[in-house]
Amino acid sequence: MTAWRRVYGAIARSACQDAGTALKGLTASLYDSHRAGGLDHRLAHCAVLATTGLPKKDIAFDGKAAPQRRQKGLISNDQWKALRLRPMTSIGVRNFNGNRHFRLSDGGRACTVTVLKKPVVLHLPEIQGTWGKIIRALALLAPDKEISIQFRIDSHRLHLTFDEMDLRRLQPGETLTLARDRDQAASGRRARGRGRGPGYVAPRPRISAEARPDRALGIDLNPNFIGLTVIENRGDPTKLSDCKVLDSECIRLDIPQDASDDLTREILSSAAGHAVRLARRARLAGLTVSTVHAAWSSTIGKLVFALPDPCAAAAEVARRGLARASDRNADILPLYEPSLIAPHDQWKDCAREMKILPDFGRLKGWGGLSWANKNGADSDLPDTKGKRSRWLPPSAPGRHGRKKPGPARRDARRARGSTSRAFQGARNGLQKPCSNGDINPLCRIAKLDTSLRVV
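Under my numbering, the first residue of the sequence shown is numbered 1, with each subsequent residue one higher.
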């Protein structure tokens, strides 16, 4: 193993000096010059790839600290040569049982390294817990030629690199190859290769659970609150009347009002990291994670669902995820059903008493509701004459940029004044009028990013 690593390091350092040469020609020339060292062409290619990918090529030469210590007599010549040994990396290949050179035993207690028909057995310690289960699962999956494992060995440790999605939960009778083809077809890409038959079933590391294709979890991210809502829809996913809220939770981040920008950014980054890890764990468990557009999710959610603002928006986000799963070309907005809009919230009761809430039955859709929200409850829709209106969601094709309003339009907005601003502020969640008409400072929520929703 030491001789292989010595030749591997020599090839890596030579590749740094000839970085301008083509990769194929560089690999062939370096392999021919170090053929007597005992490495095969594949390991020489891995050494060239590992070196050319380094951001700083000086890393391959280990710096000046070790030679200076040898000159001062602090370390011997053999110790200096041991420090010059680079870790040997073997890139995984799926068709060769996961890797050309490294083979894990069934129990994960041994690893056999074979180079040019010369085997070396590495005895590994027994690992318990989650990592032990993962290593044993890799040892079972690798002979099926469905996963690739990259091995990297140094003086003390053996490092394994693999795709964690290869260990995700699969449907009964489905292989990883068939699952990849199905995912590519669902994303609109052409599936490559040919799937295996039902006899080649990949083992699943977890117990399979009952599938719930009619349920979804919506997540609404905000700087102060994170809304999570689970809905069920056994009918038409484009209809709000068929949606049933099963559970909801509102998480508060507790960011102080006088917090600095760095502290706020750090807290929000941590929350975003939790969302990314949740999506990763959901994919590993076999759940479908999709990102949907969030246009008017707060408006629709607060008008229809009797939930707090973040949870109501998360319910609409979950419904859009179900609609997208059933039809990728479906509209992001649900069917307009005025009968579902009920005064089940304080700000809607207050708006109805102040006569600033529009007549939902008179409006023709969510576009008309947005227009009435911005221009007053009694304003009529303008005649677009076949042109696309400016109150369409941002995802609608053909939308042009907004123009500055003229003097007449600005005067009309000032005349409407508090009527439009009160309803619009209540809709956006930036300020909510209480039952007495005052603004409740405890209900202020600022939107972080309305374009990222995970279902």
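Where is the CB? At the ideal position from N, CA and C, for every residue including glycine.
(message) Measuring straight from C-alpha to C-alpha, what distance separates E146 and R103?
(response) The residue given as residue 146 occupies position 146 in the sequence shown. The residue given as residue 103 occupies position 103 in the sequence shown. When rounded, the distance between both Cα atoms is 14 angstroms.
(request) Excluding the 5 residues preceding and the 5 following V230 in the sequence, name in chain order all residues of the same chain whose CB lies nearer than 6 angstroms to its CB. (result) Position 230 of the sequence shown, counted from the start, is the residue given in the question as residue 230. The answer, listed in chain order, is L217, L246, D247.
(request) Give a yes or no on whether the C-beta atoms belonging to L54 and A44 are separated by under 8 angstroms. (result) In the sequence shown, residue 54 corresponds to position 54, counting from 1. In the sequence shown, residue 44 corresponds to position 44, counting from 1. Going by C-beta atoms, L54 is not nearer than 8 angstroms to A44.
(request) Answer yes if the stretch 321-339 comes into contact with the stretch 248-268, meaning at least three C-beta pairs across the two stretches below 8 angstroms, and no otherwise. (result) no
(request) Using a threshold of 8 angstroms, state whether the C-beta atoms of D220 and A314 are closer than that. (result) On the sequence shown, residue 220 is found 220 positions in, with the first residue counted as 1. On the sequence shown, residue 314 is found 314 positions in, with the first residue counted as 1. Taking 8 angstroms as the Cβ cut-off, D220 and A314 qualify as a contacting pair.
(message) Short of 6 angstroms in beta carbon distance, which residues of its chain neighbour I473, apart from the five on each side in sequence? Order them along the chain.
(response) Coverage of the chain is limited to positions 1 through 455, which leaves residue 473 absent and any answer about it impossible.
(message) Rounded to the nearest angstrom, what separates L335 and A275 at their Cα positions?
(response) Along the sequence shown, read from residue 1 onward, the residue named residue 335 stands at position 335. Along the sequence shown, read from residue 1 onward, the residue named residue 275 stands at position 275. Between L335 and A275, the C-alpha separation is close to 29 angstroms.
(request) Could you pull the start and end residues of the beta strand (DSSP E) that K118 belongs to? (result) What you label residue 118 is simply residue 118 of the sequence shown in a count that begins at 1. Element bounds for K118: 118-123.
(message) Alpha carbons only, please: which of H34, T51, V7 is nearest the one belonging to D18?
(response) If you number the sequence shown from 1, residue 18 lands on position 18. Checking every option, the nearest Cα to that of D18 belongs to T51.
(message) Measuring CB atoms only, is the stretch 115-131 touching the stretch 70-89, in the sense that at least three cross pairs come out at less than 8 angstroms?
(response) no
(request) Under the assumption that R168 contacts G286 (Cβ atoms under 8 angstroms), give the Cβ distance between them as a whole number of angstroms. (result) Locating residue 168 in the sequence shown gives position 168, where the first residue counts as 1. Locating residue 286 in the sequence shown gives position 286, where the first residue counts as 1. Indeed, because the Cβ distance is near 6 angstroms, the residues count as touching under 8 angstroms.
(request) Label H101 either buried or exposed according to how many other C-beta atoms from any shown protein chain fall within 10 Å of its C-beta, with 16 as the threshold for buried. (result) Looking up residue 101 in the sequence shown gives position 101. Looking at its Cβ environment, which holds 16 or more other Cβ atoms inside 10 Å, H101 is buried.
(message) Taking the alpha carbon of L141 as the reference point, which residue from A312, F96, L39 has its own alpha carbon closest?
(response) Here the question's residue 141 lines up with position 141 in the sequence shown. For L141, the nearest C-alpha among the options comes from F96.
(request) Indicate the three-state DSSP secondary structure (helix, strand or coil) for A110 in the structure shown. (result) As a first step, residue 110 is located in the sequence shown; it is residue number 110 there, counting from the start. Correct three-state label for A110: strand.
(request) Name the two residues that bound the continuous alpha helix (DSSP H) containing A216. (result) Sequence index remark: in the sequence shown, residue 216 carries index 216 (1-based). Looking at the DSSP string, A216 is not in any alpha helix (DSSP H); the run it does join, the beta strand (DSSP E), is 215-221.
(request) May I ask you to list the residues that DSSP assigns as paired with S90? (result) As a working mapping, residue 90 is identified with position 90 in the sequence shown. Beta-bridge pairing links S90 to F151.
(request) State the beta-bridge partners of G273 as determined by DSSP. (result) The sequence position of residue 273 within the sequence shown is 273, counting from 1. Answer is none; G273 lacks a bridge partner.
(message) Taking the straight line between their C-alpha atoms, what separation do you get for L228 and L170?
(response) Residue 228 sits at position 228 when you count from the first residue of the sequence shown. Residue 170 sits at position 170 when you count from the first residue of the sequence shown. When rounded, the distance between both Cα atoms is 26 angstroms.
(message) Tell me the rounded alpha-carbon separation between R215 and R319.
(response) Along the sequence shown, read from residue 1 onward, the residue named residue 215 stands at position 215. Along the sequence shown, read from residue 1 onward, the residue named residue 319 stands at position 319. Cα to Cα, R215 sits roughly 9 angstroms from R319.
(request) Reducing DSSP to helix, strand and coil, say where V304 ends up. (result) Here the question's residue 304 lines up with position 304 in the sequence shown. The answer is helix: DSSP assigns V304 an H, G or I state.
(request) Specify the secondary structure class of G129 as computed by DSSP and reduced to three states. (result) Position 129 of the sequence shown, counting from 1, holds the residue named residue 129. It is helical.
(request) Between the Cα of R283 and those of A110, V317, D163, R136, spot the shortest distance and give me the residue it belongs to. (result) Working through the sequence shown from its first residue, we reach residue 283 at position 283. Ranking A110, V317, D163, R136 by Cα distance to R283 puts D163 first.
(message) What would DSSP say about G9, mapped onto helix, strand or coil?
(response) Working through the sequence shown from its first residue, we reach residue 9 at position 9. Three-state DSSP puts G9 in a helix.
(message) Quick check: the Cα distance between A294 and P338, rounded to an integer number of angstroms?
(response) Translated into positions along the sequence shown, residue 294 becomes position 294. Translated into positions along the sequence shown, residue 338 becomes position 338. Near 21 angstroms, if we compare the C-alpha coordinates of P338 and A294.
(request) Would you mind stating whether L116 and L158 have Cβ atoms separated by less than 8 angstroms? (result) Within the sequence shown, numbered from 1, the residue matching residue 116 stands at position 116. Within the sequence shown, numbered from 1, the residue matching residue 158 stands at position 158. No, these two residues do not count as a Cβ contact at 8 angstroms.
(message) Are the CB atoms of G37 and A3 within a distance shorter than 8 angstroms?
(response) Position 3 of the sequence shown, counted from the start, is the residue given in the question as residue 3. Position 37 of the sequence shown, counted from the start, is the residue given in the question as residue 37. Cβ distance < 8 angstroms, so A3 and G37 count as in contact.
(request) Between the Cα of S90 and those of Q68, A47, W80, spot the shortest distance and give me the residue it belongs to. (result) By 1-based counting over the sequence shown, the position of residue 90 is 90. It is A47 whose Cα lies nearest to the Cα of S90.
(request) Kindly give me the distance between the Cβ atoms of L39 and V7, rounded to whole angstroms, as I take these residues to be in contact under 8 angstroms. (result) Here residue 39 refers to the residue found at position 39 when the sequence shown is read from its first residue. Here residue 7 refers to the residue found at position 7 when the sequence shown is read from its first residue. With 8 angstroms as the limit, L39 and V7 qualify as a contact, their Cβ atoms being about 5 angstroms apart.
(request) May I ask you to report which of helix, strand or coil DSSP gives N95? (result) Along the sequence shown, read from residue 1 onward, the residue named residue 95 stands at position 95. Residue state, collapsed to three classes: helix.
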